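Undergrad: Chain order of the listed sequences is A and B.
In terms of our numbering, the first sequence opens at residue 3 and continues consecutively.
In terms of our numbering, the second sequence opens at residue 5 and continues consecutively.
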Amino acid sequence: MKRPHKNWLEWSVFAASAVIVSTVLGYLGWCALQDHDTPPDLRIFTGAAIAGANSHRVPVMVRNVGESTAESVVIEVLLMRGKEEVESAELDLPFVPRQSEREGWVTFRHDPRCCTLESRAVGYETP
Amino acid sequence: MARSPGPSIAESLREYGRGLAGGLIFSLPLLYTMEVWWEGFNARPVRLLFYVVATFVLLLGYNRYAGMRRDASWTEVAIDSVEELGLGVATSAIMLYAIGRIGPHTTLAETVGQIVIEAGIVAIGFSVGTAQLGSGDEEEDSGMAEDDDGEVHFGGQVVVTFCGAVLFAANVAPTEEILVIAIETGPLRLLLLAAISLALGALVLYFTDFARAKRYSPVETKRQAFRGTIITYAIALGASAVILWFFGRFDGQAAAVIVSETVVLGFPATLGASAGRLLLQS
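In structure tokens, the structure reads:
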């Protein structure tokens with residue numbers, strides 16, 4: 003038994019699939035060539051505080067510019083008046099994948115406008 | 005040269021619909037599993053490339069030896085496989101978007117990684133669904149790896165056995181539970197697990213006439229049954245090892261843990277390699 007020829011619908015599905023598959027393969031191949039085994043490299047950015055009922059909320063954006071995923075990331079944000087630490091807050095992120103961003107919030111009792119914000123990643127695992 | 009008109013549009017649409025249902029049936033557990041999403045952004049591009057290629061090879065094998073068009077030429081099988089892979093990518097992209105895993109908040113690398121991981125299993129599901137979920141009145145041959153004279157093709161059976169093992173084992177392989185069981189289970193219990201796997205394989209293949217088992221694993225002597233069981237278990241263990249390696253479950257583990265993980269996953273893989281394989285062809 004010879005298989006019947008495809009109709010236009012099947013040929014268009016095949017054409018679209020071929021484009022999708024080759025694009026994915028091309029992209030992955032290109033990524034594989036660019037891929038250097040660098041550890042996670044976290045950049046932390048804090049935004050403007052928003053006053054709430056009992057606290058001041060500060061948005062925190064973490065960007066991993068390294069080539070490995072950071073897991074169980076602990077971020078510490080400090081309110082500093084000069085060299086004096088006024089208050090500290092912590093944020094845990096389960097994952098910050100390679101070349102990706104994650105967002106969270108920390109809250110302070112003091113108004114962050116009194117001080118400068120300092121942030122760093124305290125630690126993380128590499129899976 | 006006059007060409008036959010091919011199937012009608014309605015027929016093709018019905019076939020894609022069946023494929024879609026099959027793709028989702030097999031991939032739903034993985035679409036809803038966190039560890040699979042994580043693997044999507046943790047896996048290195050080289051590993052993802054390997055995954056796509058391995059999926060394609062499995063699709064080729066399945067379509068050739070157990071699919072609906074087992075009499076088709078390799079070119080036609082390859083065309084079908086590309087189609088299923090593309091549909092798998094499209095389906096998993098839509099599903100991952102719908103469940104909020106990808107979107108404007110994820111970067112391109114993350115998005116592609118997650119789609120690719122899910123797409124592999126959706127594509128195999130598509131293939132199985134297209135071949136197995138039909139009512140059977142459109143296609144006469146219901147897909148079985150036989151030669152023209154009705155003989156079961158050994159190489160084809162190996163490929164289908166591997167497909168069955170992968171389809172079943174992939175659903176649990178990425179979960180943390182495999183590692184937990186592997187670490188906490190002593191060697192005697194693991195031996196028991198291996199024995200249960202072997203017994204189950206033998207039972208399904210040779211003693212229960214499960215889904216017309218006799219047709220695909222014909223035996224005359226006990227020795228042949230023994231040999232078939234061992235081969236099935238070996239394929240199941242091989243499939244488990246490949247999947248575990250892919251999901252990064254071997255990274256940084258001691259040899260003893262690697263072996264016990266393989267045995268732990270070998271149990272669902274054996275189910276797939278025996279019962280699953282027969283269902284794939286029934």
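Heads up, the beta-carbon is just placed ideally off N, CA and C, and yes, glycines get one too.
Quick caveat: nothing in here was measured; it's all calculated off a predicted structure.
#1: Check whether the region 80-94 of chain B and the region 70-84 of chain A are in contact - that is, three or more C-beta pairs closer than 8 Å.
#2: Among B:A169, B:H157, B:Y101, B:A14, whose alpha-carbon lies nearest the alpha-carbon of B:I128?
#3: Ends of the beta strand (DSSP E) at A:F97?
#4: May I ask which residues mark the beginning and end of the alpha helix (DSSP H) holding B:E265?
#5: Looking only at its chain, what residues have a beta carbon closer than 6 Å to the beta carbon of B:D84, apart from the 5 residues adjacent to it on each side?
#6: Please list the partners that A:A51 has in chain B, where partner means a Cβ-to-Cβ separation under 8 Å.
#7: Buried or exposed: A:H38, going by 16 or more other Cβ atoms within 10 Å of its Cβ?
#8: Could you please tell me which residues of the region 20-46 of chain A, in chain order, have their CB closer than 7 Å to any CB of chain B?
#9: In chain order, what residues of the same chain lie with their CB nearer than 6 Å to the CB of B:V163, ignoring the 5 residues before and after it?
#10: Would you report the Cα separation of B:T3 and B:A258, rounded to the nearest angstrom?
#11: Closest Cβ-Cβ distance between A:F16 and chain B: below 8 Å?
#12: Quick one: what's got a C-beta closer than 7 Å to A:E69's C-beta in the same chain, skipping five residues either side?
#13: Scan the region 82-95 of chain B for residues whose Cβ lies nearer than 7 Å to a Cβ of chain A and list them as they occur along the chain.
#14: Counting pairs of beta carbons, one from the region 11-20 of chain A and one from the region 9-29 of chain B, are three or more of them closer than 8 Å?
#15: Would the C-beta of B:A273 count as close to the ligand SAH, meaning under 7 Å from any of its heavy atoms?
#16: Sorted by chain position, which residues of the same chain lie with C-beta nearer than 8 Å to A:E87's C-beta, five sequence neighbours on each side aside?
#17: So what does A:P61 bridge to, in DSSP terms?
#18: Name the residue from B:L209, B:L241, B:Q228 whose alpha carbon lies nearest to the alpha carbon of B:L283.
#19: If the criterion is Cβ atoms closer than 8 Å, does the pair A:D94 and A:N66 meet it?
#20: Work out the CA separation of B:A203 and B:W249 for me, nearest whole Å.
#21: Please state the DSSP three-state secondary structure of A:E69.
#22: Work out the CA separation of A:A91 and A:R45 for me, nearest whole Å.
#23: Alpha carbon to alpha carbon, how far is B:L112 from A:N56? Give it in angstroms, no decimals.
#24: Is the separation between the beta-carbon of B:V126 and that of A:V26 shorter than 8 Å?
#25: Excluding sequence positions up to five away, which residues of its chain have a Cβ less than 7 Å from the Cβ of B:E180?
#26: Opposite A:T133 in the DSSP bridges: which residues?
#27: What residue from B:V267, B:D255, B:T236, B:K218 has the CA that sits closest to B:G159's CA?
#28: Strictly under 8 Å for the Cβ-Cβ distance: is A:P61 near chain B by that measure?
#29: Nearest-angstrom Cα distance between A:V108 and A:G31?
#30: Chain A partners of B:L52, CB-CB under 7 Å?
#31: Use the C-beta contact count for B:D151: other C-beta atoms within 10 angstroms, 16 or more gives buried, fewer gives exposed.
#32: Throw me the rounded Cβ distance for the B:L35 and B:I103 pair, which I believe falls under 8 Å.
#33: Here's a check: name, in chain order, each residue in its chain whose Cβ is nearer than 8 Å to the Cβ of B:M5, leaving out the five neighbours to either side.
#34: Using beta carbons (cut-off 8 Å, strictly below), is A:L11 in contact with chain B?
#35: Give the residues of chain B in contact with A:S102, contact being defined as C-beta atoms less than 9 Å apart.
#36: From this set, B:Q228, B:A177, B:V116, B:I98, which residue's C-alpha is nearest B:G252's C-alpha?
TA: With the given structure in hand:
#1: Under the 8 Å Cβ criterion, the region 80-94 of chain B does not count as touching the region 70-84 of chain A, having fewer than three qualifying pairs.
#2: Position 124 of the second sequence holds residue 128 of chain B. Ranked by how close their Cα comes to the Cα of B:I128, the residues B:A169, B:H157, B:Y101, B:A14 have B:A169 in first place.
#3: The count along the first sequence starts at 1 and reaches residue 97 of chain A at position 95. In this chain, the beta strand (DSSP E) harbouring A:F97 covers 86-98.
#4: Start at 1 with the first residue of the second sequence, and residue 265 of chain B comes out as number 261. Note, B:E265: alpha helix (DSSP H), 259-275.
#5: Position 80 of the second sequence, counting from 1, holds the residue named residue 84 of chain B. Cβ neighbours of B:D84 beyond the five flanking positions: N67.
#6: Counting from one through the first sequence, the residue named residue 51 of chain A turns up at place 49. At a beta-carbon threshold of 8 Å, none of the residues of chain B lie near A:A51; the nearest stands roughly 22 Å away.
#7: Against the first sequence, residue 38 of chain A aligns to sequence position 36. The Cβ neighbour count for A:H38, taken over all protein chains shown within 10 Å, is under 16; the residue is labelled exposed.
#8: Residues of the region 20-46 of chain A that bring their beta carbon within less than 7 Å of a beta carbon in chain B comprise A20, I22, V23, V26, L27, Y29, L30, G31, C33, A34, D37, in sequence order.
#9: The count along the second sequence starts at 1 and reaches residue 163 of chain B at position 159. Excluding residues within five positions, the ones whose Cβ falls inside 6 Å are G65, Y69.
#10: This structure does not reach residue 3 of chain B, given that chain B is present from 5 up to 286, and the question cannot be answered.
#11: Along the first sequence, one-based indexing puts residue 16 of chain A at 14. Yes, contact with chain B.
#12: Along the first sequence, one-based indexing puts residue 69 of chain A at 67. Taken in chain order, the residues that qualify are D37, H38, D39, T40, R100.
#13: Per Cβ criterion, the list reads I83, V86, E87, L89, G90, L91, V93, A94.
#14: Yes: the two stretches touch, three or more of their Cβ pairs being nearer than 8 Å.
#15: Only the bare structure without any ligand can be found here, which leaves the ligand SAH out of the picture.
#16: The count along the first sequence starts at 1 and reaches residue 87 of chain A at position 85. Exclusion of the five residues before and after A:E87 leaves L80, L81 as the residues of its chain whose Cβ lies within less than 8 Å of its Cβ.
#17: Position 59 of the first sequence, counting from 1, holds the residue named residue 61 of chain A. Within the DSSP bridge table, the entry for A:P61 names A:W107 as partners.
#18: What you label residue 283 of chain B is simply residue 279 of the second sequence in a count that begins at 1. Considering only alpha carbons, the answer is B:L209.
#19: For the purposes of this step, residue 94 of chain A is taken as residue 92 along the first sequence, with counting starting at 1. For the purposes of this step, residue 66 of chain A is taken as residue 64 along the first sequence, with counting starting at 1. Not in contact: A:D94 and A:N66 (Cβ atoms no closer than 8 Å).
#20: The residue you call residue 249 of chain B lines up with position 245 of the second sequence. The residue you call residue 203 of chain B lines up with position 199 of the second sequence. Approximately 26 Å between the Cα atoms of the pair.
#21: As a working mapping, residue 69 of chain A is identified with position 67 in the first sequence. When secondary structure is reduced to three states using DSSP, A:E69 falls in the coil class, being assigned neither helix nor strand.
#22: Here residue 45 of chain A is taken as the residue at index 43 of the first sequence, counted from 1. Here residue 91 of chain A is taken as the residue at index 89 of the first sequence, counted from 1. Each residue's alpha carbon lies about 17 Å from the other.
#23: For the purposes of this step, residue 56 of chain A is identified with residue 54 of the first sequence, where counting begins at 1. For the purposes of this step, residue 112 of chain B is identified with residue 108 of the second sequence, where counting begins at 1. Rounded to the nearest angstrom, the gap between the Cα atoms of A:N56 and B:L112 is 38 Å.
#24: The residue labelled residue 126 of chain B in the question sits at position 122 within the second sequence. The residue labelled residue 26 of chain A in the question sits at position 24 within the first sequence. No, these two residues do not count as a Cβ contact at 8 Å.
#25: Residue 180 of chain B sits at position 176 when you count from the first residue of the second sequence. Excluding positions up to five away in sequence, the list reads E39.
#26: In the structure as shown, chain A begins at 3 and stops at 129. Residue 133 of chain A is therefore absent and cannot be evaluated.
#27: As a working mapping, residue 159 of chain B is identified with position 155 in the second sequence. Looking at the Cα atoms, B:T236 is the closest of the given residues.
#28: In the first sequence, counting from the first residue as 1, residue 61 of chain A sits at position 59. No, no contact with chain B.
#29: Start at 1 with the first residue of the first sequence, and residue 108 of chain A comes out as number 106. Start at 1 with the first residue of the first sequence, and residue 31 of chain A comes out as number 29. Approximately 39 Å, taken between the alpha carbons.
#30: Counting from 1 along the second sequence, the entry for residue 52 of chain B is found at position 48. For B:L52, the neighbours in chain A by C-beta distance under 7 Å run, in chain order, L30.
#31: For the purposes of this step, residue 151 of chain B is taken as residue 147 along the second sequence, with counting starting at 1. Model confidence at B:D151 stands at a pLDDT of 46, short of 50, so the residue's coordinates are unreliable; what they give is reported in the following sentence. Exposed: under 16 other Cβ atoms inside 10 Å.
#32: Stepping through the second sequence from its first residue, residue 35 of chain B is reached at position 31. Stepping through the second sequence from its first residue, residue 103 of chain B is reached at position 99. Rounded to the nearest angstrom, the Cβ distance from B:L35 to B:I103 is 7 Å, consistent with a contact under 8 Å.
#33: The residue labelled residue 5 of chain B in the question sits at position 1 within the second sequence. Note that B:M5 has pLDDT 39, beneath the 50 cutoff, so the model's placement of it is unreliable and no number is given.
#34: Along the first sequence, read from residue 1 onward, the residue named residue 11 of chain A stands at position 9. Closer than 8 Å: yes.
#35: Residue numbering aside, residue 102 of chain A sits at position 100 when the first sequence is read from its first letter. Close partners of A:S102 in chain B (Cβ separation under 9 Å): F45, T110, T111, A113, E114.
#36: Here residue 252 of chain B refers to the residue found at position 248 of the second sequence. For B:G252, the nearest C-alpha among the options comes from B:A177.
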